[in-house]
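Counting in UniProt numbering, the sequence shown runs from 1 upward without gaps. Built from N, CA and C at the ideal position, the CB exists for glycine as well. Data first, discussion second: the structure below is written as C-alpha cells.
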Amino acid sequence: MRHTPLALRVEELPMNMIFNSKRQSGFKHLVAWGLGTLLAASGCGGEAGQPNDEVETVTQEAQTRAGWVQIWSDEFNGTSVDTSNWSYVTNIHVNNEQQQYTTSSQNVSVNNGTLKITARLQSNNGYPFTSGRLESAGKRQFGHTRIEARIKLPVGAGLWPAFWLLGNDINSVGWPACGELDIMENVGYSNWVSGALHGPGYSGNTPINGRFYPNSSVSNFHVYRAEFSPTDVKWYIDDVLVKTTLKSEVTRYGAWVYDKPFYIILNLAVGGSYPQGQNGATSPYPGVPQSTVDLIRNTPQTMEVDWVRVYQWR
1 MRHTPLALRV EELPMNMIFN SKRQSGFKHL VAWGLGTLLA ASGCGGEAGQ
51 PNDEVETVTQ EAQTRAGWVQ IWSDEFNGTS VDTSNWSYVT NIHVNNEQQQ
101 YTTSSQNVSV NNGTLKITAR LQSNNGYPFT SGRLESAGKR QFGHTRIEAR
151 IKLPVGAGLW PAFWLLGNDI NSVGWPACGE LDIMENVGYS NWVSGALHGP
201 GYSGNTPING RFYPNSSVSN FHVYRAEFSP TDVKWYIDDV LVKTTLKSEV
251 TRYGAWVYDK PFYIILNLAV GGSYPQGQNG ATSPYPGVPQ STVDLIRNTP
301 QTMEVDWVRV YQWR
C-alpha cells in the first residue's frame, strides 16, 4: 500500500529525554554479510518456502526507484512466526521494564497478514506483564542498507514498542560499542515517536536523537524507515525524510560504528526508565500509571507489524 506523504514536524530532544538503551540479547551468532549469501539464505516473507507474488511486485517496483533493490522481507502472510527469520527472546530484563517476554501465542502471533506483539496484565516470573520480543540475530543481518516496516502502535502511557537494530558483534564487544540504531520508539503517546543512535561515547542519554510527528495518530499504520551508509543515517516516516545524522556529527562524541551488519529487533516493552522519564509515573509500576494498567487489563495492547523489508543500493 502506498502512502501520500504529508508534512511532518521534527524536534531534537534534550539529552535527558532519551534514557537507557534496550540493550542486548544473549544470542551468539555468525555473520554472513554480502548480498550473495543473504539472497541464498533468504526466503521472501510469509512461511519459509512459500512463493509470494506481492514481494516480487514490490521488488520490481524497487528496481525502478533510485537504485534501491529489495533483498529481503518478511510479509507475515503465514500462520506462525517464521523461525528462519526470527528468534524469540525471553531471557532479557533491562531498563527497569515491567514485562516478561514469552514465546506464547498470546503474546506473539501471526495471522491475517500481520505480526502481532501483545502486552497482557499477566504475572510471570515476578513481572506484572507479559509481552513479546523477536530478533533476527544470527539469521538476517544487514549492513549499509535501507530497513523499513509498516507498523501500527498501541497508545497508553508507558507502553514502549520499538523497531530497532543492534550491531552483530555485540557478544564480542558489548553494548554500546556494538552500536544501536533506534528506527522507531514510542512510549504511549499518540502523536510522536523517537529515533536515536547509541554507541561508544553517546549511549543512554544520547545526544543523537530526535522526536518525529507523523501526519496522523501512531495508532494508524505508518512506514518507519532508516537508511545507513558509510557517511550518514537517515530516518523517514511514510517516505518523508525527518532526520539526517552525519558521520561527522557522531564522531564529535565517539566512534562511528555503523560500517558492519546489524540485526533487527521488534518488541513491546511495558514501563521502565524511558517511559518513566516521559510520564513521571512511579506507581503502581515504574513508568506505568494506573490508567495503563486498567487499559491493558480490559484490552491487551498490541503492536501490529504488516511487513519488514530490506533494500540495498545498486
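For residue i versus residue j, is the C-beta spacing smaller than 8 angstroms?
{"i": "Leu165", "j": "Glu180", "result": "yes"}
{"i": "Gly143", "j": "Arg314", "result": "no"}
{"i": "Val257", "j": "Thr245", "result": "no"}
{"i": "Arg225", "j": "Glu135", "result": "no"}
{"i": "Gln301", "j": "Ala119", "result": "yes"}
{"i": "Val293", "j": "Leu121", "result": "yes"}
{"i": "Arg297", "j": "Phe221", "result": "no"}
{"i": "Asn77", "j": "Tyr274", "result": "no"}
{"i": "Lys152", "j": "Ser84", "result": "no"}
{"i": "Gly204", "j": "Glu97", "result": "no"}
{"i": "Pro161", "j": "Leu268", "result": "yes"}
{"i": "Glu227", "j": "Arg309", "result": "no"}
{"i": "Pro284", "j": "Gln276", "result": "no"}
{"i": "Pro207", "j": "Ile237", "result": "no"}
{"i": "Gln99", "j": "Thr130", "result": "yes"}
{"i": "Val108", "j": "Val81", "result": "yes"}
{"i": "Ser190", "j": "Val155", "result": "yes"}
Figure out for me which residue from the options has the closest Cα to the Cα of residue i.
{"i": "Ser219", "options": "Ser136, Ala226, Val305, Gly272", "result": "Val305"}
{"i": "Gly132", "options": "Arg140, Thr145, Arg146, Leu115", "result": "Leu115"}
{"i": "Tyr127", "options": "Ile170, Ala196, Ile147, His93", "result": "His93"}
{"i": "Val173", "options": "Pro200, Pro207, Glu249, Asn112", "result": "Pro200"}
{"i": "Arg211", "options": "His198, Glu185, Ser229", "result": "Glu185"}
{"i": "Pro230", "options": "Pro261, Leu268, Trp86, Asn191", "result": "Pro261"}
{"i": "Val240", "options": "Val250, Leu268, Arg252, Val223", "result": "Val223"}
{"i": "Tyr253", "options": "Leu197, Gly277, Tyr213, Tyr285", "result": "Leu197"}
{"i": "Asp169", "options": "Gly188, Gly195, Ser194, Gln141", "result": "Gln141"}
{"i": "Leu266", "options": "Phe163, Pro286, Leu295", "result": "Phe163"}
{"i": "Cys178", "options": "Trp192, Tyr202, Asn191, Val155", "result": "Tyr202"}
{"i": "Asn125", "options": "Pro286, Asn91, Gly167", "result": "Asn91"}
{"i": "Ser87", "options": "Asn112, Gly167, Ile264", "result": "Ile264"}
{"i": "Asp259", "options": "Gly167, Glu75, Leu295, Asn112", "result": "Gly167"}
{"i": "Glu75", "options": "Ser248, Asn112, Ser104, Val193", "result": "Asn112"}
DSSP three-state label for residue i, please.
{"i": "Pro214", "result": "coil"}
{"i": "Leu266", "result": "strand"}
{"i": "Leu153", "result": "coil"}
{"i": "Ile296", "result": "helix"}
{"i": "Val173", "result": "helix"}
{"i": "Pro275", "result": "helix"}
{"i": "Lys260", "result": "coil"}
{"i": "Pro249", "result": "It should be noted that the sequence gives Glu, not Pro, for residue 249. Glu249 falls in the helix class under three-state DSSP."}
{"i": "Ser283", "result": "coil"}
{"i": "Pro14", "result": "Confidence at Pro14 is low in this model, with a pLDDT of 44, below 50, so its placement is unreliable and the value that follows should be read with caution. Residue state, collapsed to three classes: coil."}
{"i": "Gln301", "result": "strand"}
{"i": "Gln290", "result": "helix"}
{"i": "His93", "result": "coil"}
{"i": "Ala62", "result": "Below a pLDDT of 50, predicted positions are generally treated as unreliable, and Ala62, at 45, falls in that range; the measurement from the model is reported next regardless. Looking at Ala62 - three-state DSSP - the assignment turns out to be helix."}
{"i": "Gln122", "result": "strand"}
{"i": "Glu185", "result": "strand"}
{"i": "Trp307", "result": "strand"}
{"i": "Asn112", "result": "coil"}
{"i": "Tyr88", "result": "strand"}
{"i": "Ala196", "result": "strand"}
{"i": "Gly78", "result": "coil"}
{"i": "Asn220", "result": "coil"}
{"i": "Gly167", "result": "strand"}
{"i": "Asn20", "result": "Unreliable positioning characterises Asn20 in this predicted model, as indicated by a pLDDT of 42, which lies under 50. A coordinate reading is not provided."}
{"i": "Ser136", "result": "coil"}
{"i": "Ser73", "result": "strand"}
Just to check my reading of the structure: residue i and residue j have Cβ atoms closer than 8 angstroms, yes? What is that Cβ distance to the nearest angstrom?
{"i": "Val110", "j": "Tyr101", "result": "Contact flag wrong, Cβ pair sits at about 17 angstroms."}
{"i": "Asn279", "j": "Ala157", "result": "4 angstroms"}
{"i": "Thr307", "j": "Ser73", "result": "The displayed chain sequence assigns Trp, not Thr, to residue 307. Confirmed, about 6 angstroms."}
{"i": "Met303", "j": "Ile117", "result": "5 angstroms"}
{"i": "Asn209", "j": "Gly188", "result": "With 8 angstroms as the limit, Asn209 and Gly188 do not qualify as a contact, their Cβ atoms being about 18 angstroms apart."}
Give the DSSP bridge partners of residue i, in chain order.
{"i": "Trp68", "result": "Trp313"}
{"i": "Ser131", "result": "Tyr101"}
{"i": "Phe142", "result": "Phe262"}
{"i": "Pro161", "result": "Leu268"}
{"i": "Ala226", "result": "Ile147, Trp235"}
{"i": "Asn209", "result": "Ala196"}
{"i": "Val240", "result": "Ile237"}
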